[in-house]
Every structure is written in structure tokens, then in C-alpha cells.
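Number of protein chains: 2
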Amino acid sequence: MYQDALQEQIHKTQRKRLSDLLWIVQRQMAMEPVGGQYVVVRPLFSDDSFSGQYKKVCRQHKGLLGHIKDFLKCDAKRAKNAALSLLPIISWIKIYRIKEWLMGDIVSGISTGLVAVLQGLAFSLLASLPPGYGLYSAFFPAIIYFFLGTSRHISVGPFPVLSLMVGSVVNRLVPDGDTARNITGLEGLSIEQQKVIVASSVTFLMGVFQLALGVLRVGFIVIYLSDTLVSGFTTAAAVHILVSQLKFVLGLNTRGFSGVFNIFYSLEAVFQQIHKTNVADLVTSIVIMVAVFAVKELNDRFKSKLPVPIPIEIIMTIIACGLSYGFNFEERFNVTVIGQMVNGYEAPSAPNVEVMKEGAVDAITIAIVGFAVAFSVAKVYSVKHDYTIDGSQELIAFGASNIVGAAFKSFAASTALSRTAVQESTGGKSQIAGLISALIVLIVTVGIGFLLEPLPRSVLGALVIVNLKGMLMQFREIPYLWRKDKVDMVIWIVTCAASIVLGLDLGLAVGVGVELLTVVFRTQFPRCSVLANIVGTDLYKDQKDYLCISEPEGVKIFRIPSPIFFANIDFFRNKLVQAVGFNPLRILRKRNKALRKIRKMLKNGELQMTPAGLKSLAFTGPENWEDEENTDDLDKPVDFSDLPVQVNWKSELPANITVPPVDIHSLVLDFSAVSFIDISALNGLKTALKEFIRVEVEVYIVSCDAYVFEKLKNCMFFDDEIKTSMFFPTIHDTILHILQKHPDYIKQHEYEKEAHFKVYRGQTEGLSLRRTEKPPNTTRL
Amino acid sequence: MYQDALQEQIHKTQRKRLSDLLWIVQRQMAMEPVGGQYVVVRPLFSDDSFSGQYKKVCRQHKGLLGHIKDFLKCDAKRAKNAALSLLPIISWIKIYRIKEWLMGDIVSGISTGLVAVLQGLAFSLLASLPPGYGLYSAFFPAIIYFFLGTSRHISVGPFPVLSLMVGSVVNRLVPDGDTARNITGLEGLSIEQQKVIVASSVTFLMGVFQLALGVLRVGFIVIYLSDTLVSGFTTAAAVHILVSQLKFVLGLNTRGFSGVFNIFYSLEAVFQQIHKTNVADLVTSIVIMVAVFAVKELNDRFKSKLPVPIPIEIIMTIIACGLSYGFNFEERFNVTVIGQMVNGYEAPSAPNVEVMKEGAVDAITIAIVGFAVAFSVAKVYSVKHDYTIDGSQELIAFGASNIVGAAFKSFAASTALSRTAVQESTGGKSQIAGLISALIVLIVTVGIGFLLEPLPRSVLGALVIVNLKGMLMQFREIPYLWRKDKVDMVIWIVTCAASIVLGLDLGLAVGVGVELLTVVFRTQFPRCSVLANIVGTDLYKDQKDYLCISEPEGVKIFRIPSPIFFANIDFFRNKLVQAVGFNPLRILRKRNKALRKIRKMLKNGELQMTPAGLKSLAFTGPENWEDEENTDDLDKPVDFSDLPVQVNWKSELPANITVPPVDIHSLVLDFSAVSFIDISALNGLKTALKEFIRVEVEVYIVSCDAYVFEKLKNCMFFDDEIKTSMFFPTIHDTILHILQKHPDYIKQHEYEKEAHFKVYRGQTEGLSLRRTEKPPNTTRL
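In order, the protein sequence lines correspond to chains P and X.
Each residue of the first sequence is one higher than the one before, starting from 1 at the first, in the numbering used here.
Each residue of the second sequence is one higher than the one before, starting from 1001 at the first, in the numbering used here.
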């Protein structure tokens, strides 16, 4: 007895000394690091006690209404800013440095203009239109963009992928051959005229969509077109372009196809006629492709030494044009030439309503792709030259450009990467360069266009093909992504394959769908882990990852590594049941059934109260004690109120009643990665937690985000069983709290087992019910 | 001098004593809580030093190939299990307790059978089929499910929503009236026969889809049908059912509609004929609806007192049947009766290929909805009665049921919640009850079916409508969700509205799309926050939330509260720039420009080395020093190698060169909620971090998930500039490390400013370049 008292005394002194020490440490330390040590001495916090000690600032969150009000607020300054942002030219023309920039803009404008003429001609073949209309597309949109655009460097005009997409609509609505559809308003026009009107009507609608997106300021939707997706998509587009140009290179006359599987139909058509190949066209094409390819390689290699890159495409075009005229290719070799060029401009015309109805879905796709490409190119140069571009204003600019362009029969404009590169690298400083390039196009259109009439179409096809190199090289992304991120590789391949096989519009939709699904998937099947304490620290890591790690007795620390929502709440519940090793609902039911049995036996006098607990008097068969007709109320909390004793579920029960053991007393859920929770998940979580609480497992939630906590409160997550006192700021706080609450868990546990074993060893039924008077927390053991 | 030494001595002693104290504390404490204190003393860790001290277990992660191998592994045990799981009846029939369960099953089977007959007749009207075919749907699938199903309680047979969806296909492919389509294989058949074949063909295809999903074990896709979505969808279905039954209740004869806006067309057709309302039908319907509604309320209220609920529907049907027969409703009041019933069963027939082609999309939707409903109902009862059901096996069971059923001209079967409730509540214990209910249906079909022939169709319509109460009551979810979760409310409303307006199949697709988008949205626009230290603790919270909070001088702690992926990486970069208050790229460029200028000035002798730094000799104009033609290399790290001194960017620079100040020296990114990162995000993050590192801001990443870290390593995230030493386990570790590295940041900073001010006060240019010989870490100040 005396020894015990002495021991106690020593212990007390040690404690006293320790807390003195702690006080000193705490005073001295504050936030200073001490010799590479991590020292923290502070009160133990739960979230409740923390918010008791540290007052929270009451922050007014602006509601939806407030945001709308803010958005609609109007004053002089806002009005002026809005006006200025609608006409960006006002801002930049004021700071235009004529002396330093004009020369560069002029040089750049002329080079870009020449390229634009050539590309305009070539890309109108992609759009299944007569070559001259590409010149319109390189003119009108560029003029409008000059006033409305915020990018200083992009060259606005036709873009091969868009041209091909327009061509797909044109081929569908005005097929070559005799399968023509009757479109109201196009009766009596020639096939070519019909094609032009279809293209411009779709372009008009595309412009309207872009304008609408810009006015509604929802240009952010293009972020769903991730780099990977765009890469896969443009690669597929390159394949389509390649196939569509084969007929020009071979000098064949096949019809255009559109819709699902059109690439296979196109290939089939080409190969069926391959014996009709025009050798003159083929030879011209090969010569041009080889020459252009070779000189471009040289340009690349001697980039630093050449003052300007050799304009090989323009040179080859002029040569081809001259040769074709000189040797009369058209008649001698039966080569298809550009022929009658547009001469000047046509009067504006209204778009066709029926075409717009039929092509609405295509127009949406074209609008989004066109803007996405232009915006990403513009962003590259805005970052390089350190100015800001405005997504919504860009949408408005492109929308207006395309609407005006469509009125003058041009087709969908965006920007071509290659042309923009020319404009920037030859010294373009502002859209003045774009304006000058438009003037060059104008001059060709109204003045010297006829000089291009003898140019063979195969030359244009060859130029398009040789420029696909960069886009096709993107196939190299596959092995790169395979090594880095398999999911991204799947997105790339699916987008590319779907775009090739199903056509560009459907393929893009499939790609976006798959891409969004991957986000859901990654959030949905995360890797859960059971954490444990790194011995001697306050750190908790995955217990499977470290050797020197120990799990506190009777405690499970379960980390939820992602947001919880409808699609993964069941997944988490299963993982949690796996981690703790028992199903709390099943145990609760077994306990309630056992309790009913005990009640019945007490009533029938088959069980007797003894000071040590309950004792079974009559032997009842062990089998089927669980058979109950009435399964109601089994999921309710265990209710001892009408019993004279409480049942200790850990020890053996009378009358061969067995209930599976629960070997943990506390469950800690690490919520640090739970960034949101939806209503299904919240209900599921609540149910799961209640099941644990009802089998006397204390549940703690750690590092819960302030907003998630707010949400739980608003959604009536808390009640008699689930309380805010279960929230703690860190895992270590929780574990210390648990240890404080169950100071001798292990010893007592062992001791009790032992005791019961001794007392009831001789009997068939091990009775182990303890008196209700005991302090409540011991009943949890 | 002596005093300083003394001070130093005292300081040293204190330090010594302190570390002694710490040693004692550390020894004594381990993991014991000390009087409600949180005490931690451990070495300061970075992730590198941590993994140096604590060895990681090398875990072999099974690759994709390993999983596939595991999946395909075959041995005797697996084969036996597979066989058993394919025929669940073998498992449960063995443990069937005839004595205790059989009676319940028989009673339940008979009650359910009667309900099934009635529902079969009623639901075939929804499917636009002659009433008798509903009896087939209540027979064949139930028989097959008896052998293959894993749920013991659901009653397999027609389900109103599915019946309506089948009816929609039937109406589309075999419209009433003279607009009939020519379907190969159906020539020469009556309209009714055609309808039956269309329904059974779609059901066949639906069965094939379900079977395929089951065999591929992809039944988990139904988790995308969240509770909210299903609630909105079924409410819309109830509205459709209501509208479709109006014509029976009013005794009208309108044609069925299908496709987008069909509900409006149906309503229009009903109201156009409303003057033709058959009063006898209307009165019968109203009487039946009122009676059934009232008695059901009573059943509900006196649930506990009634032994079985009053089978009011069966009673009313029998009365209506008798009255109709007795008073010859058909001829006297021109009431449409059921008429010629099916008599026995028809020989099996093959499905029609063209119908399957036309109805493929519908079949997919029907298959998914049918399974989703059945599975969710089965899950409720399996949880209640504590047994497991197997999703894939359920899919196989329903697939087989529908395939076999379709062969015998039944239509899509799933389960009806009301019928299953009857089966379970009247004491059904196993699928024996289902078998018996099928036998009842069989007896009616082959034996006493003719007795039902005088039953008016309006009675069936009235019974269907009165049973919609529960589904229509789901409209009450809207205010509930408005209070709890606005996003879920949007999902509910969009799904419901789209399903009503666009039809059930398209509506469901729209709902799922919106639901998945919300997951992306919630992950995409999270709330970022800047953290700060709660004074006196190791806790870091949102600095706007607390009063007693302090941000360490020169440090920004930025919390990223969600996964990072392609759609939000730019968002985070913008938020980060906002949080630190400067754009690192812009500052880097300005610094590099300034350096070029200084180099040029040194070369031209306009700057002179002085022992204190550089001194400007000639006055150069302040304007346009940033004008540079060459913008290359501006994004490279600042390179001092060819300069005799290093530039201190904090102080004034010579020759009026100004560079915006950077007022932080360390940036801490809290990654604890970053559960995954994709390749676009990884590249974006790398760029962002490099920009900060190049303007001499140290970047630290805290609490990075082990798998995310692994991924960063695999994707070559680390190089000369971005090193693994930037990773730390906790924010507090990082801050202590930073304080150690910059012990007198504030003082030195102040001091330097002061010094420069003194020396160069009189000159126009404040020179502030320090010698390169200084230790490297001071250059970062």
C-alpha cells in the first residue's frame, strides 16, 4: 500500500516537473526553430475547443444574387471601359509607335498577304468550293478583326481544319452527282453556287454562335479542349485533309463524302479510279512536295543564318503557274487548273434558312473549334510579347468577322498557325500587318488574280499535303503519353480514332465526353489507405508504406483521398468496412437480436441476475437464436433501458449467443482531401457513421475543409448521434484525445478478458454483463 | 565588446538549457498526452530527410497486365464458384427452411400474383399493346429470374416506366393511322401483331445488352444514376404515364406519340377530342380513383392494426368486372373493354432484325433504366434482410429473363416497387413466392382470363393513375434540395424537365450529362485560400477566417483545395498570381531586360565598379529602356556569370532602371487535397513553379500524396531547378525550415535598405549591386 502511494508520488512529481518543463519550452520557443528540431507545445484542440479559443471572422459570402447585381451594375466608368473593350483598336492605336513599328508591320503584312492568297486558294479546295472564295475568307474577316480583335499577332483567315469541316457540310447538303437534295431557296442555282451559299450560311450561323458565346462571356468552355484532346483532334484532321487532297494530287475527279466513315468512302472512291491517275498532275505534285519539303528543312536548319526564310511555296507557285501557262498544261495534259477566278467582290447576300437548320450542329462544332484554335495561338503570342488578350472579346471579334464575311460569301475564318508564324517572325507588331495582308489579298482579287488561272489544282493539293507534316508528327505524342500518363494517352487515341472514323464533329464530341469521364473516373476510384503513426513523431502515413510505423491499439485511421459524391460514396463505404474488418450494421443487428433473446430469457426466468452479471439457468439450443420474424427496429441503437445491466459485447454471452467482436473503439476519418461533398454522399456518410456509432465505435473527422463543414451544418448532418465534437484539426490531436479518453485501454481489455475467463471457466455459458452504474465511457470498451 | 560576448554567452547557455529540456521532454513523452497539452518534439523533416530516416517498404503494384492475368486465372475452385454464382438457386435452395418459410412464400405468392395480373393488364396499355401481353411479361421473366436471380424479394415483371418506354418505340415504329412505315418482315400483319413484334424485338435487344453488361461485369455504370437523377427521372415518367392514361380514363381514342415533345402532342390530341369524352368511363374512373385512394390512405394509417392491407384494387376490379358484365357496359355505354384476352401461350418467335436496328438506342436506355430500378429496389431489401446481391449476376438474370420473355412475346421486365412491396410485406422469404405468383398469372392466362374480358380499360387507366401518387410526390424534393444543395436541385430539375419535354430516353441522357458535368465543375472551380499561422500553434488556417492569425514575413502559403487537371490549371495559376500579388514571368523579363541594359552600360563605360557596387557615370534617359527588339532568352533564368557583381533587385537600380519588387522569398503550396494531377496540369505547374524559382522565390510543396509524388517523378517533373528537396511533410515543418534559412530576414532587409539610402542619398541613381563572393543564399534576399 505504501509502495503504491510512493509510486504515485513519484509519478506526480515527474508529471509536475514535466509540465514545468513544458511551460518553459513553450515560453521560449514561439515559432523559432531550435537546432533543427520541430517543437510544438500547445493545448490539445478539437475543432470545437479551437473555435472557442480563436474567434472566427464573420465573412459575408456574396450570394448568387449579389454576383448578378455586381455584374449588372452600371456607371460611367464601367460604360467607358465596356465601350473601350468592345473596340480594342482605340486602345492600341493610341500607343502605336509609327517610327518603330510601321516598317515591320508593312514587311510582315506583305509576306503574310502572299501566303494568305496561296492558302486561301488551297483551303477553298478543302471546303469543296471554287478556289477564289478562299480569297474572300482571307479578306473580310481580317478587316473586321483589325477593329475588334485583342491579339496583335494572329493572322485571321481560313484554317485548314475548319475549311474541311465546312466542306463536310457542303458535301452533305450539296452532294456531287445526281443525288442532289432540294433545299428551299437554292432552286435553279448551279451546283457551285449552291455550294457557296451553303458554306456562307453555315459560316454565318457559326459567327452568330461565336458572338453569342462572347456576349454571354462563356468563352471559358474552350478549356475543356485540353492540349491532349486538341492534339489528337488535329492529327485526325490532318489525316482527313491528306485523304481529301489525294484526288487533286492524282488528278482524279471523285465526289466528296461526309458523315460517319466518310474517310473510308473517300479512299474507296480514290482507289477505284486510281487507274485514271493523271501522270502530269502526279509528277507536278511530287516535284513540288519534294522541293518544298527540302527547302523547309533547310530553312529550319539555317534559321539563324538566313535573314528571312526562303519563300519556297510562293516561288514554286509562280514557277508552276508560268510552266502551266507556257506549256498549256490544261489542254496538253488534261490537267485541272484553277480556271476562272473570282473577279472583284459580289454583292452581300442573306444566308439560307434551311441550310442553317440542317447545319446547326456542325456550326456549333465549327464555332468552338475555330475559336479554340485561334485563342490558343493568340495566347501563345500574348504570353511571348507580354500583353493580355480577352477571351470574350476574341469571341465577339471572330463572331463579327464571320458574320460579315458570310454576308460576302466567304467561309469560316479562324487563324492558321503557319500563317501567324510568318506574320510574327517577319516583324509584325500589330494588326496593321493583318490589314496590309488583307490589302494584298484585295489586290490579287481585283487586280492580278487572272494570272493565277493557269495554276494546276494539284499544286495547291501538294502544298496542303506538305504542310501537314507538323500536324502528322503529333502521332509521336502516343509513346510520350504512354510513358507519362496512360489516361491522357487513352484520351488522345480515342479522340483521334473517333475523329478519323466518325468524322471531325462527332469525333470531337466523343473526345470531350471521354475526357470529362476521365475526370469523374479519377475522382471516383481513388486509392484509400489506412494510416498509422510514424513512431516518435506526429506524422501519420500509409501503414503499408513504412516499416517503423505503429497503429494505436483499437484505433483505425482511414484516409479518404478525394471528394465524396454520388458515384463514389458506396465505394468508400465498402473500403471502410474492409479496412475496419467488420460490417457495423450486421453487428448492430446481431447485438439487437441477442438483446431480444436476453430479454426474453430474463422474462422467462431462464437468465438470472448475479452480482457478477447474468447467469443462464436453462440450456437453450444454440441453433437459430437469430431467427426472428420481426426485423424492424434492428437498425436502431442498442437500448439497455429496460435491462438491469448493460451487456459487455466483448466477452462471451449467455446461452451460446454469439456476436462478432468489434476490436476497435475509435475510427478516425482523414478528410483533408475531401474538397466537396454532395447530398447523396452526405446522406450515405451519415448512415455509415451512425452504424459505427451505434456499435459503440467513436468516430472522428479530421482536417475537414471549412466549406465542407459549413455544408454539413446546413444540411442537418448533425443530430443526437453525430455531433460537432467529433471534428478535430489534426490526426495527432485526435489520437492524443483518444488516448486520453482510453488511458489503459489495452490493459483493462486484457484484464477483463482474464477475469471473465476465471469466473466462468467451468460453465457452458460465459456471462459477462456489467452493472449500469459504471461510468458511461467504460461501456464503450 | 565585452558586453556582446557576454550576451552571446547567455544566449548560448539558454540554447543549451533549452535543448537539454527538449531532450528530457522528448524522452518522457512519446505518445502520452500531458494534461490536455499537444506536445511534439521531433527532428525537423523535409520529405527527403524523412525518407532518409524512415525506410519505405518497397511495394509491388500490380500492373494492368497482372490484374488481367488474375482475372483470367482458372482453377477448380474458381470454376466451381463461377458455376455456383451463375445459378444462385443452387446456393439458396440448399438452405431453404421449408417448415418456416414455405407458408409465407405461398401466401405472398398468391397476393403478388393477383397484383401482377392486374398490373400486367394495366401496364400493357402503357406499352400500347393489347392487355393480355402484360400477363406474359409477368410470367416468363419471373420463371427465369427464379433460377438466375440473387435477390430473394423482388417481384420480377412489368414496370410502368419501362412499359412506357417500350410503348414509345412501338408508337414510333408502328404508328396508329395510315402513316405506317414499312418494316421488312412485318408485311401483312395486323397493326396489333406488328406492335407485339416490335415490343418483343426491342425487349430481346434490351436483354442482350443486359446480358452483355453482366458478362463484362460493368454493371457499376448504374452508379451514375444517382438518387437525385432517378428521382427527377421517375417523376417525369409519372407525368408521361399520367398523360398517356388520360385517353383511357376519358374513353377517347387518340393515337400514341413518341419522340421529342410527344407529351405536348398527346395532350393536344386529348384536348382536341375532349368533347367526345365517354361519361360512363369518366365516372367509373373517378369512382375507382377515389375509392382506391381513400382505402390506401386508411391502409397506411392503420398499418399496424391491419393483419394485411385491404386489397382494394383487386376488390374494385372484381366489382367493375361484374358490373360491366351485368349491365353490358360495352354495348350500352360504348365503353372500351379489354375484350378478347390471350388464350394460353403462343409459340416462340424470332425477333425482327429491322426493328432491332431502329430501336437499338432505345433498347440501351431501357436496359439501363430497367436494371437500375431493379437493382436499387433489390439493394434496399438485401440490406434490410442482410444478404448480398451480385450486380453482374443480376444483370445476367434480367438479361436472360428478357431474352426468353421476348421469345414468347412478352415485353420489357424489371420490377415494380409496389408489387415488390406486396411480396415482401405479405411474408415472401424467397423467389419461391415469385414462382408462385407466376403460377397465378399462368392460371389466369390459360384458365380464367376470359372472366376479365368485360373489364373496362378505363378501370385499368384509373388504377395506373392512382398509383402514381408516390412518384408524383417526389416533386417535393425541389424545395428540399433547394435548401440543401443547389447543384443537386439543378440536376433534379434539368433531368425532370428534359425527360418530360424531350422524352424519357433523351431526357435521361441529358440528365446524366449534366450530372457528370457538375462533378467536373465542382472540381474545377474550388475556393483557393491563403493560409497563415494561428499564433502560438502549428496550425495554419485561411487568413481571412481568423483574427489571431499571422502570416510569416516574406512567405505565402497557398492552398490548392482540389485535384489539378487540364480544366483548372490555368485557374490555379491565375489565383496564385493574384495571391502573391505579382506575375513572376513579367518580373523575370524585366530583370533580364534590366540586366542587358546594365551589361551594355558597363561595356560602354557608362557604369563603373565601385567597392560598394556599380555607379552610373553618364546620365541616360529613363524612357524606353525596356525597348528591345530581341525578346528571346528573356524567360531564361537570370544569369550573372559575365558580370563582376550580382544585382540586388530589392534596392534601386542605376540609370532609372526600375524592376517591380518581389516581396516574398518563399512560396508554400499546400497539396494535401490534390488527389490527382494530369499531364497538362503537371506541365502547367512545372512552368509556374519555374517562373517563381527564376525570380528567386523558393517554392515548397507540402503534404503531397505519395501517388502524386510518384507520378511527378515518373513524368520527369524534377530537374536542375525543381528538386525533390522542395517537398515537406507539414506546413509547420516548412515554415520552420524557412525561418531557419532566413533567420533575420526582416532585420537584414530593413538594414540594407537603410544603408543604401545613406550611401547614395545624394545621387540620382541608387546603386545597389553586391559582390558575387557573398554566400549564395544571401543573393536570394
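Beta carbons: idealized from backbone N, C-alpha and C, even for Gly.
Practice problem: Could you check what DSSP says for P:Thr415 in three-state terms: helix, strand or coil? | Solution: As a working mapping, residue 415 of chain P is identified with position 415 in the first sequence. Of the three classes helix, strand and coil, the one that applies to P:Thr415 here is strand, per DSSP.
Quiz item: So what does DSSP say about P:Asp670, is it helix, strand or coil?
Solution: Counting from 1 along the first sequence, the entry for residue 670 of chain P is found at position 670. Three-state result, P:Asp670: strand.
Quiz item: Taking the alpha carbon of P:Phe327 as the point to measure from, which residue in P:Val361, P:Met716, P:Leu455 has its own alpha carbon closest?
Solution: For this step, residue 327 of chain P is matched to residue 327 along the first sequence. Here the closest residue by C-alpha is P:Leu455.
Quiz item: Buried or exposed: X:Glu1754, going by 16 or more other Cβ atoms within 10 Å of its Cβ?
Solution: By one-based count along the second sequence, residue 1754 of chain X stands at place 754. Residue placement at X:Glu1754 cannot be trusted, given a pLDDT of 41 that sits under 50; what the coordinates show is reported in the next sentence. So X:Glu1754 ends up on the exposed side.
Practice problem: State yes or no: is the beta carbon of P:Val759 nearer than 8 angstroms to at least one beta carbon in chain X? | Solution: As a working note, residue 759 of chain P is residue 759 in the first sequence. Bear in mind that the predicted position of P:Val759 carries a pLDDT of just 35, short of 50, making it unreliable; the figure below should be weighed with that in mind. P:Val759 does not count as touching chain X.
Quiz item: Helix or strand or just coil, what does DSSP make of X:Ser1376?
Solution: Residue 1376 of chain X sits at position 376 when you count from the first residue of the second sequence. In the structure shown, X:Ser1376 sits in a helix (DSSP, three-state: H, G or I).
Quiz item: When you compare each of X:Val1040, X:Leu1044, X:Ile1366 to X:Asp1505 by their alpha carbons, which one comes out closest?
Solution: One-based indexing of the second sequence puts residue 1505 of chain X at position 505. Closest by alpha carbon: X:Ile1366.
Quiz item: By DSSP, does X:Asp1782 sit in helix, in strand, or in coil?
Solution: Chain X is shown only over 1001 to 1781; residue 1782 of chain X falls outside these bounds and no answer can be derived.
Self-check item: Per DSSP, the bridge partner or partners of X:Ser1550
Solution: On the second sequence, residue 1550 of chain X is found 550 positions in, with the first residue counted as 1. DSSP lists X:Asn1533 as partners of X:Ser1550.
Quiz prompt | Under 8 angstroms from the C-beta of P:Lys69: neighbouring residues of chain X | solution = As a working mapping, residue 69 of chain P is identified with position 69 in the first sequence. Here the premise fails: no neighbours, minimum Cβ distance about 18 angstroms.
Self-check item: Coarse secondary structure for X:Phe1727, derived from DSSP in three states
Solution: Position 727 of the second sequence, counted from the first residue, corresponds to residue 1727 of chain X. In the structure shown, X:Phe1727 sits in a strand (DSSP, three-state: E or B).
Practice problem: Might you give, ordered along the chain, the residues of its own chain that have their beta carbon closer than 6 angstroms to the beta carbon of P:Lys747, omitting 5 neighbours on each side? | Solution: Walking along the first sequence from the start, residue 747 of chain P turns up at place 747. Only weak support exists for where P:Lys747 lies, its pLDDT of 44 falling under 50; the value from the coordinates is given anyway. Closer than 6 angstroms at Cβ, skipping near neighbours: no residue.
Exercise. Answer with yes or no whether the minimum CB distance from P:Tyr224 to chain X is below 8 angstroms.
Key: Working through the first sequence from its first residue, we reach residue 224 of chain P at position 224. Yes - at least one Cβ of chain X is within 8 angstroms of the one on P:Tyr224.
Quiz item: Can you name the residues that DSSP bridges to P:Phe718?
Solution: The sequence position of residue 718 of chain P within the first sequence is 718, counting from 1. Answer is none; P:Phe718 lacks a bridge partner.
Quiz item: Candidates P:Val283, P:Arg255, P:Gly259: which alpha carbon is nearest P:Phe271's?
Solution: Position 271 of the first sequence holds residue 271 of chain P. Nearest C-alpha to P:Phe271: P:Arg255.
Quiz item: For the region 1147 to 1196 of chain X, which segments carrying the beta strand (DSSP E) assignment without a break, of at least 3 residues, lie completely within its bounds, in sequence order?
Solution: 1156 to 1158
Quiz prompt | Contact list for P:Gln245 against chain X, beta-carbon separation under 9 angstroms | solution = Looking up residue 245 of chain P in the first sequence gives position 245. Near P:Gln245 there are no residues of chain X at all, since even the closest Cβ is about 31 angstroms away, more than 9 angstroms.
Quiz item: Hey, quick one: how far does the beta strand (DSSP E) through P:Ala273 stretch, first residue to last?
Solution: Here residue 273 of chain P refers to the residue found at position 273 of the first sequence. It is Gln, not Ala, that sits at residue 273 of chain P in the sequence shown. Here P:Gln273 belongs to no beta strand (DSSP E), and DSSP marks it neither H nor E.
Self-check item: Same chain, Cβ closer than 7 angstroms to X:Ser1091, five either side skipped, listed in chain order
Solution: Counting from 1 along the second sequence, the entry for residue 1091 of chain X is found at position 91. Excluding sequence neighbours, X:Ser1091 sits near Leu1084.
Quiz item: List, in order along the chain, the chain X residues whose C-beta lies closer than 7 angstroms to that of P:Lys56?
Solution: One-based indexing of the first sequence puts residue 56 of chain P at position 56. Simply Asp1545, Tyr1546.
Quiz item: Would the beta-carbon of X:Val1342 fall within 8 angstroms of that of X:Phe1329?
Solution: Taking the second sequence and counting its residues from 1, one reaches residue 1342 of chain X at position 342. Taking the second sequence and counting its residues from 1, one reaches residue 1329 of chain X at position 329. For X:Val1342 and X:Phe1329, no; Cβs fall outside 8 angstroms.
Quiz prompt | P:Val466 classed as buried or exposed, judged by whether at least 16 other C-beta atoms fall within 10 angstroms | solution = Here the question's residue 466 of chain P lines up with position 466 in the first sequence. Buried.
Exercise. Pair every Cβ in the region 1379 to 1399 of chain X with every Cβ in the region 1194 to 1202 of chain X, then say whether three or more of these pairs are closer than 8 angstroms.
Key: no
Quiz prompt | Cross-chain neighbours of X:Asp1300 in chain P, by beta carbon under 9 angstroms | solution = For the purposes of this step, residue 1300 of chain X is taken as residue 300 along the second sequence, with counting starting at 1. Those do not exist, as X:Asp1300 stays about 16 angstroms from chain P at its closest Cβ, beyond 9 angstroms.
Quiz prompt | P:Lys774 (DSSP reduced to helix, strand or coil) | solution = On the first sequence, position 774 is the one that residue 774 of chain P refers to. Confidence at P:Lys774 is low in this model, with a pLDDT of 36, below 50, so the placement of that residue is unreliable and no value is reported for it.
Self-check item: Amino acids of chain X, ordered along the chain, whose beta-carbon sits closer than 8 angstroms to that of P:Gly219
Solution: Here residue 219 of chain P is taken as the residue at index 219 of the first sequence, counted from 1. Neighbours of P:Gly219 on chain X: none; closest Cβ ~13 angstroms, over 8 angstroms.
Quiz prompt | Contact with chain P by X:Leu1539, beta-carbon distance below 8 angstroms | solution = The residue labelled residue 1539 of chain X in the question sits at position 539 within the second sequence. For X:Leu1539, the answer is yes, since a Cβ of chain P falls inside 8 angstroms of its Cβ.
Quiz item: Residue ranges of each alpha helix (DSSP H) run of no fewer than 4 residues wholly in the region 1381 to 1407 of chain X, ordered along the chain?
Solution: 1391 to 1407
Quiz item: Along chain X, which residues have their Cβ under 7 angstroms away from the Cβ of P:Pro561?
Solution: Along the first sequence, read from residue 1 onward, the residue named residue 561 of chain P stands at position 561. The contacting residues are Ser1675, Asp1705.
Quiz item: Which of helix, strand or coil does DSSP assign to X:Leu1576?
Solution: Stepping through the second sequence from its first residue, residue 1576 of chain X is reached at position 576. If DSSP states are grouped into helix, strand and coil, X:Leu1576 belongs with the helices.
Practice problem: Write down the C-beta distance between X:Lys1590 and X:Val1659 rounded to the nearest angstrom, noting that I regard them as a contact closer than 8 angstroms. | Solution: Numbered from its first residue, the second sequence carries residue 1590 of chain X at position 590. Numbered from its first residue, the second sequence carries residue 1659 of chain X at position 659. Contact flag correct, Cβ pair sits at about 5 angstroms.
Quiz item: What is the DSSP secondary structure of P:Val37, reduced to helix, strand or coil?
Solution: Taking the first residue of the first sequence as position 1, residue 37 of chain P is located at position 37. Here the sequence assigns Gln to residue 37 of chain P, which means Val is not the residue at that position. Note: P:Gln37 maps to strand in three-state DSSP.
Exercise. Select from the region 1703 to 1728 of chain X all residues with a C-beta closer than 9 angstroms to any C-beta belonging to chain P, and list them in chain order.
Key: Ser1703, Asp1705, Ala1706, Tyr1707, Lys1711, Asn1714, Cys1715, Met1716
Exercise. Verify the CB distance criterion: does X:Lys1484 have a CB-CB separation below 8 angstroms to chain C?
Key: As a matter of chain content, chain C is missing from the structure shown, whose protein chains are P and X.
Quiz item: How long is the line joining the alpha carbons of P:Arg217 and P:Ile396, rounded to whole angstroms?
Solution: Position 217 of the first sequence, counted from the start, is the residue given in the question as residue 217 of chain P. Position 396 of the first sequence, counted from the start, is the residue given in the question as residue 396 of chain P. So the two alpha carbons sit approximately 9 angstroms from each other.
Exercise. List the residues of chain P whose Cβ lies closer than 8 angstroms to the Cβ of X:Leu1516, in chain order.
Key: For this step, residue 1516 of chain X is matched to residue 516 along the second sequence. Those within 8 angstroms of X:Leu1516 in chain P are Leu516, Leu517, Val520.
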